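Single-structure report; data block below.
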Amino acid sequence: MAELRRSHGAPHNRTPRLLLWRIEQWITEEQWSPAQIVGVLAKEGIRISRQTIYNYIHADKTGRLLANTRHKGKYSRKSKKGIRPTKATNIPNRTSIHERSDEADGTRFGDWEMDLIIGKDGYEAILVLAERNTSYCIIEKLPHGKNAKEVAKAVVRLLYAYRLTGVLTITTDNSSEFSAHGEITKGLKGVVVYFADSYCSWQKGLVEYTNKLIRQYIPKETDFTSVSPQFIKKVQHKLNRRPREKLNFSTPED
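Just so we're aligned: the sequence shown equals residues -9 to 244 in our numbering.
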């Protein structure tokens, strides 16, 4: 009799339809992760587990929700490699990351990381700047591609408003596109550009992570000629409105 009654009753743990609708909107329109959704709802006093959201995503037979997740349901783990000797010879007057102050650990505002995302043709490029404390990012398509002097000019222009107290250090890799780092230092009133060790992308982990978020909207092998500057700014705005766990689920924009 108990089994019969249970089969006729509605489950008590059913997620309210309105809440599911909000979750769908965040996933399909903002591409938020289950962790970000859980964090934002918790600040509203609503409790839901990440697994419940993942179950709901995988139960969606249309595949629409899964298509808007970052990994598209595919996950892989890569082991970190140890530090290898830096062999970069293409950067004149290069300053190693090991000379950077210990204070540039992401606990203060003003320590930036930068990188380029390269297009399908190997020439078109998107400049990515990420501030370590807030995860705030600035993204811009470069009309002159990977040209080092033009890259430096773009960095100075984008960070110029922060130059007095909001740009303390900049960290990047050993790509030749950043060989004109002296122009950045000059344009930003003495801000030093530090270079990570070879094969140690984790030393500028925030901008690498930001690149992966951007790739959710601009996949690899994309022809950048079809990507408008307006679309780039839309992506920047979306990423800066994403709640971050490190910020107690506030947004970088806030």
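Glycine is no exception: its CB is placed at the ideal position from the N, C-alpha and C atoms.
Predicted model only: the values in this text are computed from it and were never measured.
Asked, Found
"Residue 43 vs residue 24 beta-carbon contact at 8 Å", "yes"
"Beta carbon of residue 259 nearer than 8 Å to that of residue 127", "Since the first residue shown for the chain is -9 and the last is 244, residue 259 is missing from the structure and cannot be characterised."
"Own chain residues within Cβ distance below 7 Å of residue 238, not counting five before or after", "none"
"Buried or exposed by the 16-neighbour rule on C-beta atoms within 10 Å, applied to residue 29", "buried"
"Integer-rounded CB distance, given that residue 184 should sit under 8 Å from residue 212", "Going by Cβ atoms, the distance from residue 212 to residue 184 rounds to 30 Å, so no, they are not a contact pair."
"Alpha-carbon to alpha-carbon, residue 102 and residue 164", "16 Å"
"Rounded straight-line distance, which links the Cα of residue 138 to that of residue 174", "11 Å"
"Minimum C-alpha distance to residue 116 - residue among 99, 47 and 104", "104"
"Simplified DSSP assignment, three categories, for residue 153", "coil"
"Cα-Cα separation between residue 186 and residue 198, rounded to whole angstroms", "12 Å"
"Heavy atom of the ligand COA within 7 Å of residue 217 beta-carbon", "For the structure depicted, the ligand COA is absent and the ligand set is empty, with no information on it obtainable."
"Check whether residue 217 and residue 131 have beta carbons under 8 Å apart", "yes"
"Cα-Cα separation between residue 113 and residue 135, rounded to whole angstroms", "5 Å"
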